[in-house]
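Structure, as structure tokens:
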Amino acid sequence: MRRLVAGTGWKMNNGIADSIRYAEELKARIASLDTSAIDIYVLPPFTSLAAAAQALAGSPVAVGGQNMHWEDAGSWTGEISAPMLLEAGCRYVELAHSERLRHFGETYELVRRKVDKAMSAGLTPIVCLGESAREKAEGRAGQVLAEQVLTSLGGQPDERVPEIILAYEPRWAIGAAEAASPAYIGERHRALRAVLRQRCGAGIAERTRIIYGGSVTPENARAILDIEDVDGLFVGRAAWRAEGFARIVERVADAAKMKTEDK
Ligand code: PEP
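Position one of the sequence shown corresponds to residue 172 (my numbering), numbered consecutively onward.
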């Protein structure tokens with residue numbers, strides 16, 4: 172069975188003091204929940220990583236970076252490497268967020284290099300995938316997502332694919348008024364798993380987590396978690412306050428419990 176995931180990316184929010192406050196509040200709010208069956212992460216900005224990791228040490232909440240370079244060190248002004256993330260206490264790294272692709276010219280070819288580096292360094296990559304509104308309107312979502320996932324995973328042997336978290340985040344649903352509909356999310360997640368099945372075989376596809384992100388809230392979380400191929404939630408705005416993320420964590424922990432009882 173796939174472990175469900177609850178994650179949030181803080182984008183360019185929360186300096187050191189705010190990150191520590193968030194971490195302390197989150198720990199207190201989730202202390203009474205049984206989170207043993209789920210994975211939880213927060214992705215603070217780089218300057219807050221070490222402080223957040225220290226504040227969350229010993230808790231069920233892991234920390235990750237929002238981006239990373241594919242080299243370990245060198246003349247790459249403004250960049251951060253995998254060893255630096257590890258030294259700051261990270262376990263995860265987010266790659267290919269749509270804002271990185273849109274504003275900073277990242278491509279899935281570069282993402283593939285970053286995935287390879289993260290995997291060899293011992294970080295868990297969270298690889299974002301998503302079609303634009305236009306690609307959706309043109310009926311190309313399936314093809315675009317297949318290309319993104321196959322390119323990102325191109326350097327990895329099949330048996331390591333389940334160590335990677337895939338985050339389906341339709342670009343038109345990020346920062347929007349509403350999440351994608353459960354029917355549409357189900358269709359896309361099913362199609363992504365079929366792509367994995369074709370590339371890596373049924374066993375690997377069954378073990379690989381595909382989480383959903385894009386205007387998730389505590390209110391719509393349950394309906395999205397009920398979708399068969401959804402293995403967790405990746406949350407932006409609704410989790411920028413600890414209280415909001417704690418509510419999401421609670422929904423994911425409940426969903427994990429229900430899935431275990433169903434088995
Ligand atoms: C995101 O930016 O990855 C995201 C999911 O944001 P939001 O939840 O605010 O749509």
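All C-beta atoms in this analysis are idealised placements derived from N, C-alpha and C, irrespective of residue type, glycine included.
Legend entry - Contact set for residue 362: own chain, Cβ-Cβ below 6 Å, skip 5 residues either direction: Within the sequence shown, numbered from 1, the residue matching residue 362 stands at position 191. Within the same chain, and ignoring the five residues on either side of residue 362 in sequence, the residues whose Cβ sits closer than 6 Å to its Cβ are 313.
Legend entry - Outcome for residue 447 when other beta-carbon atoms lying within 10 angstroms are tallied against a minimum of 16: Outside the shown range of the chain, which is 172 to 434, sits residue 447, and nothing can be said about it.
Inset, instruction - Provide the residue span of the alpha helix (DSSP H) that contains residue 433, from first to last. - result: For the purposes of this step, residue 433 is identified with residue 262 of the sequence shown, where counting begins at 1. Where residue 433 is concerned, the enclosing alpha helix (DSSP H) stretches over 413-433.
Inset, instruction - Answer with buried or exposed for residue 247, where buried requires no fewer than 16 other C-beta atoms within 10 angstroms of its C-beta. - result: As a first step, residue 247 is located in the sequence shown; it is residue number 76 there, counting from the start. Under this definition residue 247 is an exposed residue.
Legend entry - Residues that DSSP places opposite residue 265 in a beta bridge: By one-based count along the sequence shown, residue 265 stands at place 94. Paired residue(s): 297.
Legend entry - Counterpart residues of residue 355 in DSSP-defined beta bridges: Counting from one through the sequence shown, the residue named residue 355 turns up at place 184. Looking at the DSSP assignment, residue 355 forms no beta bridge with any residue, so it has no partner.
Inset, instruction - With DSSP as the reference, label residue 397 as helix, strand or coil. - result: Along the sequence shown, one-based indexing puts residue 397 at 226. Looking at residue 397 - three-state DSSP - the assignment turns out to be coil, as it is neither helix nor strand.
Inset, instruction - Rounded to whole angstroms, what's the CA-CA distance from residue 198 to residue 372? Just pull it up for me. - result: Along the sequence shown, one-based indexing puts residue 198 at 27. Along the sequence shown, one-based indexing puts residue 372 at 201. So the two alpha carbons sit approximately 39 Å from each other.
Legend entry - Chain-order list of residues whose beta-carbon lies under 6 Å from that of residue 243 (same chain, five-residue window excluded): Along the sequence shown, one-based indexing puts residue 243 at 72. 252, 254, listed in sequence order.
Inset, instruction - Report, in whole angstroms, the separation of the C-beta atoms of residue 422 and residue 400, which I expect to be a contact under 8 Å. - result: Counted from its first residue, the sequence shown places residue 422 at position 251. Counted from its first residue, the sequence shown places residue 400 at position 229. About 17 Å; that fails the 8 Å criterion.
Legend entry - Rounded straight-line distance, which links the Cα of residue 263 to that of residue 302: Taking the sequence shown and counting its residues from 1, the one referred to as residue 302 is at position 131. Taking the sequence shown and counting its residues from 1, the one referred to as residue 263 is at position 92. Roughly 23 Å separates the two Cα atoms.
Inset, instruction - Taking residue 239 and residue 214 to be in contact with their CB atoms under 8 Å, please state how far apart those CB atoms are, rounded to whole angstroms. - result: Taking the sequence shown and counting its residues from 1, the one referred to as residue 239 is at position 68. Taking the sequence shown and counting its residues from 1, the one referred to as residue 214 is at position 43. In fact, because the Cβ distance is near 11 Å, the residues do not count as touching under 8 Å.
Legend entry - Whole-Å CB distance - residue 350 paired with residue 386, under 8 Å assumed: Counting from 1 along the sequence shown, the entry for residue 350 is found at position 179. Counting from 1 along the sequence shown, the entry for residue 386 is found at position 215. The Cβ separation is near 4 Å, so the contact holds.
Inset, instruction - Measure the alpha-carbon distance for residue 221 versus residue 368 and round it to whole angstroms. - result: Sequence index remark: in the sequence shown, residue 221 carries index 50 (1-based). Sequence index remark: in the sequence shown, residue 368 carries index 197 (1-based). Distance between the alpha carbons of residue 221 and residue 368: 38 Å.
Inset, instruction - In angstroms with no decimal places, state the Cα-to-Cα distance between residue 175 and residue 402. - result: Translated into the one-based positions of the sequence shown, residue 175 becomes position 4. Translated into the one-based positions of the sequence shown, residue 402 becomes position 231. Between the C-alpha atoms of residue 175 and residue 402 there is a straight-line separation of about 5 Å.
Inset, instruction - Please name the residue in 280, 234, 304, 225 whose C-alpha comes closest to that of residue 325. - result: For this step, residue 325 is matched to residue 154 along the sequence shown. Comparing Cα-Cα distances from residue 325 to each of 280, 234, 304, 225, the minimum goes to 280.
Legend entry - Residue ranges of each alpha helix (DSSP H) within the segment 307-371, 4 or longer: Here the runs fully enclosed are 312-323, 353-371.
Legend entry - Within 8 Å, strictly: CB atoms of residue 337 and residue 393: By one-based count along the sequence shown, residue 337 stands at place 166. By one-based count along the sequence shown, residue 393 stands at place 222. Taking 8 Å as the Cβ cut-off, residue 337 and residue 393 do not qualify as a contacting pair.
Legend entry - Member of 428, 225, 347 whose CA lies at the smallest distance from the CA of residue 388: Position 217 of the sequence shown holds residue 388. Minimum Cα distance to residue 388 is reached at 347.
Inset, instruction - Answer yes or no: do residue 366 and residue 317 have a C-beta to C-beta separation smaller than 8 Å? - result: Position 195 of the sequence shown, counted from the first residue, corresponds to residue 366. Position 146 of the sequence shown, counted from the first residue, corresponds to residue 317. Against a cut-off of 8 Å, the Cβ pair of residue 317 and residue 366 comes out as a contact.
Inset, instruction - Give me whichever residues DSSP pairs with residue 405 in a beta bridge. - result: As a position in the sequence shown, residue 405 is number 234, starting the count at 1. According to DSSP, residue 405 bridges with 178, 384.
Inset, instruction - Answer yes or no: do residue 180 and residue 274 have a C-beta to C-beta separation smaller than 8 Å? - result: Against the sequence shown, residue 180 aligns to sequence position 9. Against the sequence shown, residue 274 aligns to sequence position 103. Contact: no.
Legend entry - Counted within 10 angstroms of its Cβ, other Cβ atoms place residue 205 as buried (16 or more) or exposed: Your numbering for residue 205 matches position 34 in the sequence shown. Counting C-beta atoms within 10 angstroms of its own C-beta, residue 205 has fewer than 16 neighbours from the protein chains shown and is therefore classed as exposed.
Inset, instruction - Rank 219, 339, 203, 241 by C-alpha distance to the C-alpha of residue 230 and give the top, closest one. - result: Translated into positions along the sequence shown, residue 230 becomes position 59. Residue 230 has its Cα closest to that of 203, out of 219, 339, 203, 241.
Inset, instruction - Enumerate in chain order the residues of its own chain whose CB-to-CB distance from residue 378 is below 6 Å, with the five nearest sequence positions on each side excluded. - result: Your numbering for residue 378 matches position 207 in the sequence shown. Result list for residue 378: 333, in chain order.
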